[in-house]
Amino acid sequence: MKDSTKNQLEEMIARTALGDRDAFAMLYEATSSKLHAICVSVLKDRPEAEETLQEVYIKIWQGAGRYASNGLSPMTWLITIARNRAIDRLRARTSRPVTFPSDEAETLPSSEPGPEAATIRTQERKLLDNCLAELGKDQAEAVRAIYLEGQTYADLAARLDKPINTVRSWLRRSLMRLKDCVSQ
Amino acid sequence: MTEETPLTPEQEDDALAAELALGLLEGEEAQAAVARLSEDPAFAQNVRDWQEHLAGMAEGMTPVMAPARAWQGIRERLGHIAAPLTEDPTKALPWWRGPLGVLAGLVAVAAIAVFLWLPGSMQDTAGPGYRAELVSEDEALRIAALLENREIEITLEQGAAADDRDFEIWWIESDGSAPVSLGLIPPSGSTRVGLPEDATPGENVQIAISDEPKGGSPSGEATGPILAIASLTRL
Numbered sequence: 001m002k003d004s005t006k007n008q009l010e011e012m013i014a015r016t017a018l019g020d021r022d023a024f025a026m027l028y029e030a031t032s033s034k035l036h037a038i039c040v041s042v043l044k045d046r047p048e049a050e051e052t053l054q055e056v057y058i059k060i061w062q063g064a065g066r067y068a069s070n071g072l073s074p075m076t077w078l079i080t081i082a083r084n085r086a087i088d089r090l091r092a093r094t095s096r097p098v099t100f101p102s103d104e105a106e107t108l109p110s111s112e113p114g115p116e117a118a119t120i121r122t123q124e125r126k127l128l129d130n131c132l133a134e135l136g137k138d139q140a141e142a143v144r145a146i147y148l149e150g151q152t153y154a155d156l157a158a159r160l161d162k163p164i165n166t167v168r169s170w171l172r173r174s175l176m177r178l179k180d181c182v183s184q
Numbered sequence: 001m002t003e004e005t006p007l008t009p010e011q012e013d014d015a016l017a018a019e020l021a022l023g024l025l026e027g028e029e030a031q032a033a034v035a036r037l038s039e040d041p042a043f044a045q046n047v048r049d050w051q052e053h054l055a056g057m058a059e060g061m062t063p064v065m066a067p068a069r070a071w072q073g074i075r076e077r078l079g080h081i082a083a084p085l086t087e088d089p090t091k092a093l094p095w096w097r098g099p100l101g102v103l104a105g106l107v108a109v110a111a112i113a114v115f116l117w118l119p120g121s122m123q124d125t126a127g128p129g130y131r132a133e134l135v136s137e138d139e140a141l142r143i144a145a146l147l148e149n150r151e152i153e154i155t156l157e158q159g160a161a162a163d164d165r166d167f168e169i170w171w172i173e174s175d176g177s178a179p180v181s182l183g184l185i186p187p188s189g190s191t192r193v194g195l196p197e198d199a200t201p202g203e204n205v206q207i208a209i210s211d212e213p214k215g216g217s218p219s220g221e222a223t224g225p226i227l228a229i230a231s232l233t234r235l
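In order, the protein sequence lines correspond to chains A and B. For the first sequence, position 7 matches number 7 in full-length UniProt numbering, and the numbering has no gaps at all. For the second sequence, position 71 matches number 71 in full-length UniProt numbering, and the numbering has no gaps at all.
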């Protein structure tokens, strides 16, 4: 993401926090199709994704005031809210306990430099894509399925026909390799 | 998935942060990790770093437009606008719905009629509109798209998706950018969606219909065959 877009989003969030409905409308227009794509990807059901999208923006409206202190770049904050909400809903569907501590993770207080010091997003995304490619097909697919479709270790174990513990240690190693790659 | 040397304590921490960011932890392990967020700033930062890295996957997704009613619903639920039909039905009729209103209505209709008869009326002020008529090769499927004021109305005129399938609408610009999903075609009636912010309407834009699994393309990119495609034409 370009820096100017990032600053605009921050400005929209800051104004939304002050109750500015026009800014909220602009934020919705600029980001809703991305957040909707995430809801669709996780839930694979349009009416549910649409319902979730509404809940996500209600959360954004209510939580905008806490954004400045959480240390995430604006798009990551928005994406994380959408993804967590969609996954909560996905797990509620199968009456599995909700395993994502979403609210806590979204609002972690940060003592780090503000989001304006965050890395330039476009470069970061390219780096992540390259690193996922280096990881190998199975590993990259597993990470994507977990992040973009809300799969669990149990889902992966069933798909790969391996014990959960084996799958978990395999994925943890993959994540460490991913981290090494993106941190270089 | 062969056994290797165990992870170092530092790597264990890293892996835990990643698992928390991904929502993979369950039960007591999840609770303990969440509790640690408020006590261990380095761990909390590690989770944030993972959130930043992972969000890149979502940013790379093809956008999927939500129907216009979603925004309507958000504003209603926040109390920013009144929901339709929430007016008190026992309230006295407003003046324009009484006899005086009928008269005013007739005058208005007459005024509009005169306006429409005027040569070279002011159609351009609302911005140009576009339409597209999409017909499948076997002519079994017929869909109309009407674009006005950055809102597009899609109407299924003929044909139906199979029981376990849905028709998905795509906006394709000629600059080679990825098609953007405008949503699904309802089984009957029509749907209205706002255009994506960076969409530029014009005669070089194509609208396409693809056949997708129920609920739409799981990936946000067209997966099924394109059944019909047409360019926008100016109204």
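Note that beta-carbon positions come from the ideal geometry of N, C-alpha and C, so glycine has one too.
TODO: Could you check if L22(B) is buried or exposed, using at least 16 other CB atoms within 10 Å of its CB as the buried criterion?
DONE: For the purposes of this step, residue 22(B) is identified with residue 22 of the second sequence, where counting begins at 1. By the neighbour-count rule (16 or more Cβ atoms within 10 Å), L22(B) is buried.
Task: Check: M61(B) C-beta below 7 Å from any heavy atom of the ligand ZN - done: Ligands are entirely absent from the displayed structure, and the ligand ZN is therefore not among its contents.
Open item on the list: Using a 10 Å radius around the Cβ and a threshold of 16 neighbouring Cβ atoms, would you call L78(A) buried or exposed?
Closed with: Residue mapping note: residue 78(A) aligns to position 78 of the first sequence, counting from 1. Buried, since its Cβ has 16 or more Cβ neighbours within 10 Å.
Open item on the list: Strictly below 9 Å CB to CB, what residues from chain B border D45(A)?
Closed with: Taking the first residue of the first sequence as 1, we reach residue 45(A) at position 45. Within 9 Å Cβ-Cβ: K214, G215 and G216.
Task: For residue 238(B), three-class secondary structure by DSSP - done: Absent from the model: residue 238(B). The displayed extent of chain B is 1 to 235, so no value can be given.
Task: Alpha-carbon spacing of G27(B) relative to T223(B), whole angstroms - done: The sequence position of residue 27(B) within the second sequence is 27, counting from 1. The sequence position of residue 223(B) within the second sequence is 223, counting from 1. Each residue's Cα considered, the two are about 37 Å apart.
Open item on the list: Considering only the alpha carbon of each residue, which of I172(B), A66(B), G159(B) and I143(B) lies closest to T200(B)?
Closed with: By one-based count along the second sequence, residue 200(B) stands at place 200. Among I172(B), A66(B), G159(B) and I143(B), the Cα nearest to that of T200(B) is on I172(B).
- [ ] Just tell me which of D40(B), D175(B) and P187(B) has its CA closest to the CA of V205(B).
- [x] The sequence position of residue 205(B) within the second sequence is 205, counting from 1. Closest option to V205(B), Cα to Cα, is D175(B).
- [ ] Evaluate H80(B) with the Cβ neighbour count: other Cβ atoms within 10 Å of its Cβ, from every protein chain shown; 16 or more gives buried, anything less gives exposed.
- [x] Working through the second sequence from its first residue, we reach residue 80(B) at position 80. Exposed is the call here.
Open item on the list: Considering only their Cβ atoms, is the gap separating G129(B) from L235(B) smaller than 8 Å?
Closed with: As a position in the second sequence, residue 235(B) is number 235, starting the count at 1. As a position in the second sequence, residue 129(B) is number 129, starting the count at 1. Their beta carbons are under 8 Å apart, which means L235(B) touches G129(B) by this criterion.
- [ ] Please list, in chain order, all residues of the same chain as S219(B) whose beta carbon is under 7 Å from its beta carbon, the five residues on each side excluded.
- [x] For the purposes of this step, residue 219(B) is taken as the residue at position 219 of the second sequence. So no residue of the chain qualifies.
Open item on the list: Quick check on this structure: which residue in K179(A), K44(A) and K6(A) has the alpha carbon closest to the alpha carbon of D166(B)?
Closed with: In the second sequence, counting from the first residue as 1, residue 166(B) sits at position 166. Here the closest residue by C-alpha is K44(A).
Open item on the list: Mapping the DSSP letters down to three states, classify A92(A) as helix, strand or coil.
Closed with: What you label residue 92(A) is simply residue 92 of the first sequence in a count that begins at 1. Of the three classes helix, strand and coil, the one that applies to A92(A) here is helix, per DSSP.
Open item on the list: Excluding the 5 residues flanking I229(B) on each side, which residues of the same chain have their C-beta closer than 6 Å to its C-beta?
Closed with: Within the second sequence, numbered from 1, the residue matching residue 229(B) stands at position 229. Within the same chain, I229(B) has close Cβ partners Q206 and A208.
Task: Limits of the unbroken beta strand (DSSP E) element including V135(B) - done: Against the second sequence, residue 135(B) aligns to sequence position 135. Unbroken beta strand (DSSP E) run through V135(B): Y130 to V135.
Task: Touch test, the stretch 159-175 of chain A against the stretch 32-44 of chain B, Cβ-Cβ under 8 Å, three pairs minimum - done: no
Task: Contacts that A37(A) makes with chain B (C-beta to C-beta distance below 7 Å) - done: For this step, residue 37(A) is matched to residue 37 along the first sequence. In chain order: M61, T62, P63, V64 and G220.
Task: Exposure label - T31(A); buried when at least 16 CB within 10 Å - done: Residue mapping note: residue 31(A) aligns to position 31 of the first sequence, counting from 1. Flag for T31(A) reads buried.
Open item on the list: Please report the straight-line C-alpha distance between E51(A) and R91(A), rounded to a whole angstrom.
Closed with: Start at 1 with the first residue of the first sequence, and residue 51(A) comes out as number 51. Start at 1 with the first residue of the first sequence, and residue 91(A) comes out as number 91. Using only the alpha carbons, I get a separation of about 15 Å.
Open item on the list: Less than 7 Å between C-beta atoms, sequence neighbours within five positions excluded: which residues of the same chain meet that for L203(B)?
Closed with: If you number the second sequence from 1, residue 203(B) lands on position 203. The sequence given here places Glu at residue 203(B); Leu does not occur at that position. Excluding positions up to five away in sequence, the list reads S231, L232, T233 and R234.
Open item on the list: For a contact defined as C-beta to C-beta under 8 Å, what are the partners of residue 200(A) on chain B?
Closed with: Lying before the first or after the last residue shown, residue 200(A) is absent from chain A, which here runs from 1 to 184.
- [ ] Label P113(A) either buried or exposed according to how many other C-beta atoms from any shown protein chain fall within 10 Å of its C-beta, with 16 as the threshold for buried.
- [x] Position 113 of the first sequence, counting from 1, holds the residue named residue 113(A). No answer about P113(A) holds up, because its pLDDT of 41 lies below 50 and its placement is not dependable.
- [ ] Run down chain B in chain order and give the residues with a C-beta less than 7 Å from the C-beta of D155(A).
- [x] To locate residue 155(A), count along the first sequence from 1; it is residue 155. Result: empty, since nearest Cβ-Cβ is about 10 Å, beyond 7 Å.
Task: Test item: CB-CB of L128(A) and M57(B) under 8 Å - done: By one-based count along the first sequence, residue 128(A) stands at place 128. By one-based count along the second sequence, residue 57(B) stands at place 57. Yes. Within cutoff.
- [ ] Quick one: list the residues of chain A neighbouring R36(B), beta-carbon separation under 7 Å, in chain order.
- [x] Position 36 of the second sequence, counted from the first residue, corresponds to residue 36(B). Residues of chain A passing the Cβ test: none, with the nearest at roughly 10 Å.
Task: Candidates R48(B), E137(B) and L78(B): closest to G71(A) by CA position - done: Stepping through the first sequence from its first residue, residue 71(A) is reached at position 71. Of the candidates R48(B), E137(B) and L78(B), the one whose C-alpha sits nearest the C-alpha of G71(A) is R48(B).
Task: Nearest-angstrom Cβ-Cβ length linking V143(A) and L132(A), presumed shorter than 8 Å - done: Locating residue 143(A) in the first sequence gives position 143, where the first residue counts as 1. Locating residue 132(A) in the first sequence gives position 132, where the first residue counts as 1. V143(A) to L132(A), Cβ: 7 Å. Contact.
TODO: Please confirm if M12(A) has its CB atom under 8 Å from at least one CB of chain B.
DONE: Position 12 of the first sequence, counting from 1, holds the residue named residue 12(A). Taking Cβ atoms only, chain B never reaches closer than 8 Å to M12(A), which makes this a no.
Open item on the list: Between H53(B), A70(B) and Q51(B), which has its C-alpha nearest P47(A)'s C-alpha?
Closed with: For the purposes of this step, residue 47(A) is taken as the residue at position 47 of the first sequence. Nearest of H53(B), A70(B) and Q51(B) to P47(A), Cα basis: A70(B).
TODO: Under 7 Å Cβ to Cβ from A64(A), same chain only, skipping five residues before and after it: list those, please.
DONE: In the first sequence, counting from the first residue as 1, residue 64(A) sits at position 64. Excluding positions up to five away in sequence, the list reads I13, T16 and A17.
- [ ] Check whether the Cβ of R15(A) lies closer than 8 Å to any Cβ atom in chain B.
- [x] As a position in the first sequence, residue 15(A) is number 15, starting the count at 1. No, because no Cβ of chain B sits closer than 8 Å to the Cβ of R15(A).
Open item on the list: Is there a C-beta anywhere in chain B that falls below 8 Å from the one on A30(A)?
Closed with: Residue 30(A) sits at position 30 when you count from the first residue of the first sequence. So, interface residue.
Task: Amino acids of chain B, ordered along the chain, whose beta-carbon sits closer than 8 Å to that of I164(A) - done: Here residue 164(A) corresponds to residue number 164 of the first sequence, with the count starting at 1. Residues of chain B passing the Cβ test: none, with the nearest at roughly 11 Å.
- [ ] Output yes or no for whether 8 Å exceeds the beta carbon distance between L227(B) and L141(B).
- [x] Here residue 227(B) refers to the residue found at position 227 when the second sequence is read from its first residue. Here residue 141(B) refers to the residue found at position 141 when the second sequence is read from its first residue. Yes, the Cβ-Cβ distance between L227(B) and L141(B) is below 8 Å.
TODO: Assign E153(B) to one of three DSSP states: helix, strand, or coil.
DONE: Mapped onto the second sequence, residue 153(B) falls at position 153. Three-state result, E153(B): strand.
Task: chain A contacts from the stretch 157-181 of chain B (Cβ-Cβ distance under 9 Å) - done: D166, V180 and S181
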